[in-house]
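*Asks:*
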Amino acid sequence: MTVSVILPALGESVTEGTVTRWLKQPGEHVQEDEPLLEVSTDKVDTEIPAPATGVLLTIVVGEDETVEVGAELAVIGPPDAEPSAATAVTAAPAAPVTAPQPTPSSAPVARPPAAAPMPHPAPAAPASMPRPAPAPMPTPAPAAPPAPRPIPAAATAAAPPTAALRGHTTAVPRLRKAIGDSLKQALLEQAQLTSTVEADATGLLRLWRRTEDGYTAREGFALTPLPFFVLAAAQALKAHPVMNARIDTGGATITYYDTENVGITVDTDQGPVTPVVRGAGDLTVGGIARAVHDLTDHALAGRLTPADVAGATFTVSGTGTRGALFDTLIVPPHQAAVLGVGAAVRRPAVVQDGDEEFIGVRELVHLSLSYDHRLVDGADAARYLTTVKKIVEAAAFEDIG
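Under the numbering used here, think of the first position of the sequence shown as 693, with each following residue one higher.
1) Below 8 Å on the Cβ atoms is my guess for V1080 versus A925; work out the distance and round it to an integer in Å.
2) Kindly indicate the opening and closing residues of the beta strand (DSSP E) around D974.
3) Near M821, which residues of its chain fall below 7 Å by C-beta distance, leaving aside the five closest residues on each side in sequence?
4) In chain order, what residues of the same chain have a beta carbon less than 7 Å from the beta carbon of Y1076, not counting five sequence neighbours either side?
5) Quick check on this structure: which residue in Y1063, V711, L867 and R858 has the alpha carbon closest to the alpha carbon of T1005?
6) Assuming contact is defined by CB atoms lying nearer than 8 Å, are S966 and P1025 in contact in what I supplied?
7) Along the chain, which unbroken stretches of the alpha helix (DSSP H) at least 4 residues long are found entirely within the region 969-1023?
8) Can L875 and I1092 be called in contact, C-beta distance under 8 Å?
9) For I768 and V697, I'd like the C-alpha separation in whole angstroms.
10) Going by DSSP in three states, R1039 sits in which element: helix, strand or coil?
11) Can you name the residues that DSSP bridges to Q884?
12) Classify D961 as buried or exposed, calling it buried when 16 or more other Cβ atoms lie within 10 Å of its own Cβ.
13) Looking at G746 and P770, is the spacing between their C-beta atoms short of 8 Å?
14) Output the distance between the C-alpha atoms of A777 and V752, rounded to the nearest integer angstrom.
15) What separation, rounded to the nearest whole angstrom, lies between the Cα atoms of A1074 and A944?
16) Would you report the Cα separation of V894 and G1032, rounded to the nearest angstrom?
17) Roughly how many angstroms separate the alpha carbons of L996 and E757, rounded to a whole number?
18) Is the beta carbon of P919 less than 8 Å from the beta carbon of V984?
19) Which whole runs of the beta strand (DSSP E) in the region 903-980 are 3 residues long or more, in chain order?
20) Under three-state DSSP, which class holds T1078?
21) Distance check for K869 and L699, CA to CA, integer angstroms please.
22) In the DSSP output, what is L1059 paired with across the bridge?
23) Using the rule of at least 16 other Cβ atoms within 10 Å of the residue's Cβ for burial, across every protein chain shown, is E952 buried or exposed?
24) On the three-state DSSP scale, how would you describe I740?
25) Classify L728 as buried or exposed, calling it buried when 16 or more other Cβ atoms lie within 10 Å of its own Cβ.
26) Secondary structure at A766, three-state DSSP: helix, strand or coil?
27) Exposed or buried, which one is T738 when buried takes at least 16 other CB atoms within 10 Å?
28) How far does the beta strand (DSSP E) with G754 in it extend, from its first residue to its last?
29) Judging by CA-CA distance, which residue of L1067, K1082 and T712 is the nearest neighbour of P865?
30) Given that a residue counts as buried once 16 or more other Cβ atoms are within 10 Å of its Cβ, and exposed if not, what is F1050?
31) Label P785 either buried or exposed according to how many other C-beta atoms from any shown protein chain fall within 10 Å of its C-beta, with 16 as the threshold for buried.
32) Among all the DSSP beta bridges, which residues are the ones paired with T694?
33) Within 10 Å of its beta-carbon, does L879 have 16 or more other beta-carbons around it, so buried, or fewer, so exposed?
34) Rounded to a whole number of angstroms, what is the C-alpha to C-alpha distance between Q723 and D1072?
35) So, at 7 Å on beta carbons, what are the nonlocal neighbours of A693 in its own chain, with the 5 sequence-adjacent residues on each side left out?
36) Flag this pair as touching only if the region 886-900 and the region 1041-1055 have three or more C-beta atom pairs under 8 Å; answer yes or no.
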């Protein structure tokens, strides 16, 4: 009796997957639950286990082929079965294409040096008189202009290293294609807009710096500012449930979630992935920090599971971690909004202390909310951002641990 290996559902919004590597070849014995192949989706790379013990008879879907969820990938037979000769052929890598070399531009023509200014003519000697006359008084020489104050030389930035991909043409990576297809579909289905506010994060960042060393020594990993913003976003979702919702395909129904499962964007070498902090609205800063640390470690090591990236009801993206002030993010599928946290910038700002106002140096952060206008109005977005701003500026985070 043969058993088909089927591509399982790898997340609620995942409809297809790409076979990246077969770990067994036709004729080899496999054990039930033994990793059989690796599959890539727009959310995660994962291993597919063998559904039964036996011999791998046929590979139906070769490497680099993309199929829909539920498709047959291979066939496993009983231990004494013979493999089929008609096995799928692994796709050969495409030959690299070398981009044409740029034509060197003409060498710049050197300009001749500017002509030096001509000296002032010396005053003419007095003409001789028929009889002696008093000697003329010497004309005082004009005072020399004051020497210009030297201007400090601007710091010269080191030239960035040249990237290895410069001048090459390569195939689109599987994850990049999957991400592109998913985001393009999200843009086609949603009516997306972005609103932005500026928040004074001085108190929040002072609290972070004050607790960072102790937390790191106690927990064994660094505390970053991101968990503070994730908690602020999650707490605000409880007051604004329209942001923690989804509009179903066709726009017939709206689902308002009763928990805040916040996706966090992690930048990996293969592209961004979004693992999920579950129940973020009921966690402390320390609890969110531990979840973010573990999920980030798994993402960078390529160990995320389908469960790690499934079920997000809202997303927070730390766009400022690479220095960006703000971004117009794309709302992920099956969500109503995504919040971008920009880089903190020290600037003079008006500070109010009771009835007094003064100018002080503050650390300001842009909070950008992209939202689906089919479900969220501009006023809804402004109210949500105002709530997040108040939580950030109050910096009343009691339990850091």
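Note that the Cβ used here is the ideal one computed from N, Cα and C, for glycine as well.
Predicted model only: the values in this text are computed from it and were never measured.
*Replies:* On the basis of the data shown:
1) Residue 1080 sits at position 388 when you count from the first residue of the sequence shown. Residue 925 sits at position 233 when you count from the first residue of the sequence shown. Rounded to the nearest angstrom, the Cβ distance from V1080 to A925 is 6 Å, consistent with a contact under 8 Å.
2) Locating residue 974 in the sequence shown gives position 282, where the first residue counts as 1. It is not in any beta strand (DSSP E) - D974 carries neither H nor E in the DSSP assignment.
3) Here residue 821 is taken as the residue at index 129 of the sequence shown, counted from 1. Confidence at M821 is low in this model, with a pLDDT of 43, below 50, so the placement of that residue should be treated as unreliable; the coordinate-derived value is given next. None.
4) Here the question's residue 1076 lines up with position 384 in the sequence shown. The residues are A928, H932, M935 and L1061.
5) The residue labelled residue 1005 in the question sits at position 313 within the sequence shown. Ranking Y1063, V711, L867 and R858 by Cα distance to T1005 puts Y1063 first.
6) In the sequence shown, the residue the question calls residue 966 occupies position 274. In the sequence shown, the residue the question calls residue 1025 occupies position 333. Sequence check: residue 966 is Thr here, not Ser. Their beta carbons are not under 8 Å apart, which means T966 does not touch P1025 by this criterion.
7) Every alpha helix (DSSP H) stretch that sits fully inside the region 969-1023 and reaches 4 residues is listed by chain position as 977-992.
8) One-based indexing of the sequence shown puts residue 875 at position 183. One-based indexing of the sequence shown puts residue 1092 at position 400. For L875 and I1092, no; Cβs fall outside 8 Å.
9) The residue given as residue 768 occupies position 76 in the sequence shown. The residue given as residue 697 occupies position 5 in the sequence shown. Distance between the alpha carbons of I768 and V697 is about 7 Å.
10) Translated into the one-based positions of the sequence shown, residue 1039 becomes position 347. Here R1039 sits in strand by DSSP.
11) In the sequence shown, the residue the question calls residue 884 occupies position 192. D1064.
12) Here residue 961 refers to the residue found at position 269 when the sequence shown is read from its first residue. Counting Cβ neighbours within 10 Å, D961 comes out exposed, since fewer than 16 surround it.
13) Start at 1 with the first residue of the sequence shown, and residue 770 comes out as number 78. Start at 1 with the first residue of the sequence shown, and residue 746 comes out as number 54. Cβ distance < 8 Å, so P770 and G746 count as in contact.
14) As a position in the sequence shown, residue 777 is number 85, starting the count at 1. As a position in the sequence shown, residue 752 is number 60, starting the count at 1. The pLDDT assigned to A777 is 47, lower than 50, so where the model puts this residue is not dependable; a value taken from the coordinates is nonetheless given after this. C-alpha separation (whole angstroms): 12 Å.
15) As a position in the sequence shown, residue 1074 is number 382, starting the count at 1. As a position in the sequence shown, residue 944 is number 252, starting the count at 1. Going from the Cα of A1074 to the Cα of A944 covers about 25 Å.
16) Here residue 894 refers to the residue found at position 202 when the sequence shown is read from its first residue. Here residue 1032 refers to the residue found at position 340 when the sequence shown is read from its first residue. According to the sequence as given, residue 894 is Thr; it is not Val. Straight-line Cα distance between these residues: approximately 18 Å.
17) Mapped onto the sequence shown, residue 996 falls at position 304. Mapped onto the sequence shown, residue 757 falls at position 65. Approximately 22 Å between the Cα atoms of the pair.
18) As a first step, residue 919 is located in the sequence shown; it is residue number 227 there, counting from the start. As a first step, residue 984 is located in the sequence shown; it is residue number 292 there, counting from the start. Cβ distance < 8 Å, so P919 and V984 count as in contact.
19) 937-939, 946-948, 954-956, 958-960 and 963-965, all fully within the region 903-980.
20) Residue numbering aside, residue 1078 sits at position 386 when the sequence shown is read from its first letter. Judged by DSSP in its simplified three-state form, T1078 adopts helix.
21) Within the sequence shown, numbered from 1, the residue matching residue 699 stands at position 7. Within the sequence shown, numbered from 1, the residue matching residue 869 stands at position 177. Cα to Cα, L699 sits roughly 19 Å from K869.
22) Residue 1059 sits at position 367 when you count from the first residue of the sequence shown. DSSP lists V889 and V1033 as partners of L1059.
23) Position 260 of the sequence shown, counted from the first residue, corresponds to residue 952. E952 should be labelled buried.
24) Here residue 740 corresponds to residue number 48 of the sequence shown, with the count starting at 1. I740: strand per DSSP, three-state reduction.
25) Position 36 of the sequence shown, counted from the start, is the residue given in the question as residue 728. When all chains shown are included, L728 counts as buried.
26) Here residue 766 corresponds to residue number 74 of the sequence shown, with the count starting at 1. Here A766 sits in strand by DSSP.
27) The residue you call residue 738 lines up with position 46 of the sequence shown. When all chains shown are included, T738 counts as buried.
28) As a first step, residue 754 must be located in the sequence shown, where it is residue number 62. For G754, no beta strand (DSSP E) segment is defined, and its DSSP state is neither H nor E.
29) For the purposes of this step, residue 865 is taken as the residue at position 173 of the sequence shown. Ranking L1067, K1082 and T712 by Cα distance to P865 puts T712 first.
30) In the sequence shown, residue 1050 corresponds to position 358, counting from 1. It counts as exposed.
31) Counted from its first residue, the sequence shown places residue 785 at position 93. Its pLDDT being 45, under 50, P785 is placed unreliably in this model, and the coordinates cannot settle the point.
32) On the sequence shown, residue 694 is found 2 positions in, with the first residue counted as 1. Its beta-bridge partners do not exist; DSSP assigns none.
33) The residue you call residue 879 lines up with position 187 of the sequence shown. Residue environment: L879 is assigned as exposed (fewer than 16 neighbouring CB atoms within 10 Å of its CB, all protein chains considered).
34) In the sequence shown, counting from the first residue as 1, residue 723 sits at position 31. In the sequence shown, counting from the first residue as 1, residue 1072 sits at position 380. If I take the Cα positions, the gap works out to 54 Å.
35) Residue 693 sits at position 1 when you count from the first residue of the sequence shown. For clarity, residue 693 is Met in the given sequence; the question names Ala instead. The residues P770, in chain order, have a CB closer than 7 Å to that of M693 in the same chain once the five nearest residues on each side in sequence are set aside.
36) Flag = yes, the region 886-900 and the region 1041-1055 touch.
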